[in-house]
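Numbering (the numbering used here), first residue to last: 356 to 751.
Here a beta-carbon is modelled for each residue, glycine too, at the ideal position from N, C-alpha and C.
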C-alpha cells in the first residue's frame with residue numbers, strides 16, 4: 356500500500372505529532388508498505404528519503420511555522436506517487452490541501468485527531484477581545500473541526516476517551532481508535548548509560564516529566580505539588596523536566612518562589628535515544644497535562660519501567676490504571692504528592708507497578724500499531740466518502 360502522510364509540522368520540530376508520524380511511518384515500512392511524507396521546510400531540517408518539503412511562510416503563529424499550502428509542487432509531486440491513501444494530521448492549512456487532493460483524485464483521506472485545538476486558543480495572542488476569544492474556543496474552532504472531519508473518509512482517535520469526544524461532536528464518518536506506537540528500540544538501553552545519569556544527580560529519589568513548556572501542559576501544578584512533596588519527605592530528590600518552551604522563564608521563577616529550585620533540573624530537549632536512558636534512570640514519571648489526546652510520553656515512560664502519577668484527564672485515562680501501573684489523581688497537590696509518597700515508600704508496590712507498566716507498554720509497539728493502521732486504510736479504500744470538498748464550510 357502507498358500511504359501519504361501530510362502534516363503542518365515535522366522534524367526537526369519536537370512534539371507529539373512529528374513523533375506519531377515518524378513512528379507510524381517506520382512501522383508501516385517495516386510491514387512492507389511505502390510511505391511518503393509531505394512536511395514544511397525548516398532552516399535546520401535534515402534531508403531524508405521519502406520526505407517532500409513544501410514551502411513555508413516567513414511569518415509564524417505563536418512561534419509555529421505556517422505552511423504555504425499554495426505551493427504548486429505539492430500537487431506536482433503528489434501525481435508522481437500513485438498514492439492509495441492520504442493520512443492527514445491537521446484540520447487546517449495542509450488539511451485543506453489533503454481534502455482537495457483526495458476529492459480531486461478520488462483517494463480516501465484519513466485524519467488523526469491529535470490535538471484538542473480548543474485548549475490552545477489562548478496562544479492566539481492577536482485576539483485581544485476576551486468575548487471573541489471565548490467564542491473562538493467554544494464555537495468557531497469546534498465547528499470548523501467538525502465540518503473538516505465530516506469531509507474526510509475516516510477519523511482516528513488516539514484513545515477511547517477521545518473517540519467519545521468525537522462522538523459528542525456529531526461526527527458522521529467512521530471513528531477508529533489508534534494510539535501512537537513506540538519503537539522496539541525504546542525497550543533497550545545500555546545499563547552503563549543509565550548509571551551515569553543516576554550518578555550525575557546522586558539523590559535518593561529521581562523523578563521526571565517530559566513536556567513542552569507551555570501553559571496548557573499544567574507544569575505550574577507539578578511545581579506546586581513538588582513543593583508539597585518537599586515539605587513531607589525532605590529535599591533528597593530531584594525532578595527532571597525534559598522539554599523546552601515559552602514558559603521556561605516563568606517556571607524557573609516559580610520554582611525559586613516555591614523554594615524548590617534545588618529540586619528541579621530543566622534538562623531541555625533530548626533525542627529519543629537519550630530520552631529512553633533518562634526514563635530508565637528515574638524512579639517515577641509525573642504528569643499533569645489536561646489537554647492531551649494521547650499521552651505518548653506516558654507509554655514511553657512505562658517502556659522504561661516507570662510507574663506514573665498523573666492528573667486524571669483525557670490522554671491519561673486510557674493508559675494509567677489505578678493501582679496497576681500507576682495512579683490518577685484529582686488536580687489537587689496534596690492528593691498528587693500523597694500518591695508519589697505511597698509508591699516511593701513501598702518497594703514492593705513500586706516493583707509491581709513497574710512490571711505492569713512495561714506490560715502496558717508492550718501493547719503499543721510500532722509494529723502492532725502499524726498493522727491496525729493498515730486495516731483502517733483498507734476500510735477507507737472500501738468506502739470512499741463522496742462529500743465534496745467545500746472550503747467555505749470550514750468558515751464559522
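Along the chain, where does the alpha helix (DSSP H) containing residue i start, and where does it finish?
i, result
"residue 730", "721 to 737"
"residue 635", "627 to 636"
"residue 528", "Looking at the DSSP string, residue 528 is not in any alpha helix (DSSP H), and its letter there is neither H nor E."
"residue 498", "496 to 504"
"residue 712", "702 to 716"
"residue 544", "It is not in any alpha helix (DSSP H) - residue 544 carries neither H nor E in the DSSP assignment."
"residue 583", "574 to 588"
"residue 428", "428 to 433"
"residue 688", "688 to 699"
Buried or exposed: which applies to residue i, given that a residue is buried once 16 or more other Cβ atoms fall within 10 Å of its Cβ?
i, result
"residue 403", "exposed"
"residue 372", "buried"
"residue 750", "Residue confidence is low: residue 750 scores 44 on pLDDT, short of 50, so the model does not pin down where it sits. No coordinate-derived value is stated."
"residue 541", "buried"
"residue 682", "buried"
"residue 535", "buried"
"residue 486", "exposed"
"residue 515", "exposed"
"residue 685", "exposed"
"residue 471", "buried"
"residue 551", "exposed"
"residue 508", "buried"
"residue 494", "exposed"
"residue 611", "exposed"
"residue 673", "buried"
"residue 710", "exposed"
"residue 731", "buried"
"residue 635", "buried"
"residue 559", "exposed"
"residue 460", "exposed"
Grouping DSSP H, G and I as helix and E and B as strand, with all else coil, what is residue i?
i, result
"residue 749", "Note that residue 749 scores a pLDDT of 45, beneath 50, so its modelled location is shaky and nothing firm can be said."
"residue 620", "strand"
"residue 401", "coil"
"residue 367", "coil"
"residue 647", "strand"
"residue 411", "strand"
"residue 755", "Absent from the structure is residue 755, since the part of the chain shown begins at 356 and ends at 751."
"residue 520", "helix"
"residue 753", "In the structure as shown, the chain starts at 356 and stops at 751, and residue 753 therefore has no counterpart that could be examined."
"residue 453", "helix"
"residue 382", "helix"
"residue 373", "helix"
"residue 658", "helix"
"residue 493", "helix"
"residue 652", "helix"
Using DSSP bridges, identify the partner residues of residue i.
i, result
"residue 593", "561"
"residue 390", "358"
"residue 639", "562"
"residue 406", "392"
"residue 605", "Beta-bridge pairing links residue 605 to no other residue."
"residue 442", "360, 465"
"residue 538", "Residue 538 pairs with nothing; no bridge assigned."
Can you tell which of the options has its C-alpha closest to the C-alpha of residue i?
i, options, result
"residue 608", "580, 575, 434, 727", "575"
"residue 435", "663, 407, 596", "407"
"residue 639", "565, 400, 379, 722", "565"
"residue 628", "693, 621, 548, 499", "548"
"residue 578", "445, 652, 691", "691"
"residue 388", "504, 439, 538, 699", "439"
"residue 369", "471, 400, 426, 618", "400"
"residue 581", "572, 593, 571", "593"
"residue 623", "650, 601, 636", "601"
"residue 572", "562, 590, 597", "597"
"residue 360", "390, 383, 378, 367", "390"
"residue 670", "374, 644, 687", "644"
"residue 667", "642, 659, 518", "642"
"residue 466", "714, 531, 558", "531"
"residue 590", "569, 392, 567, 614", "614"
In the DSSP assignment, the beta strand (DSSP E) including residue i goes from what residue to what residue?
i, result
"residue 466", "464 to 467"
"residue 511", "509 to 512"
"residue 666", "663 to 666"
Comparing the CB of residue i with every heavy atom of the ligand MN, is any distance shorter than 6 Å?
i, result
"residue 403", "With respect to small molecules bound, the structure shown includes none, and the ligand MN cannot be examined in it."
How about residue i: is its C-beta nearer than 7 Å to some C-beta of chain B?
i, result
"residue 568", "In the structure shown, chain B cannot be found, because there is only a single protein chain."
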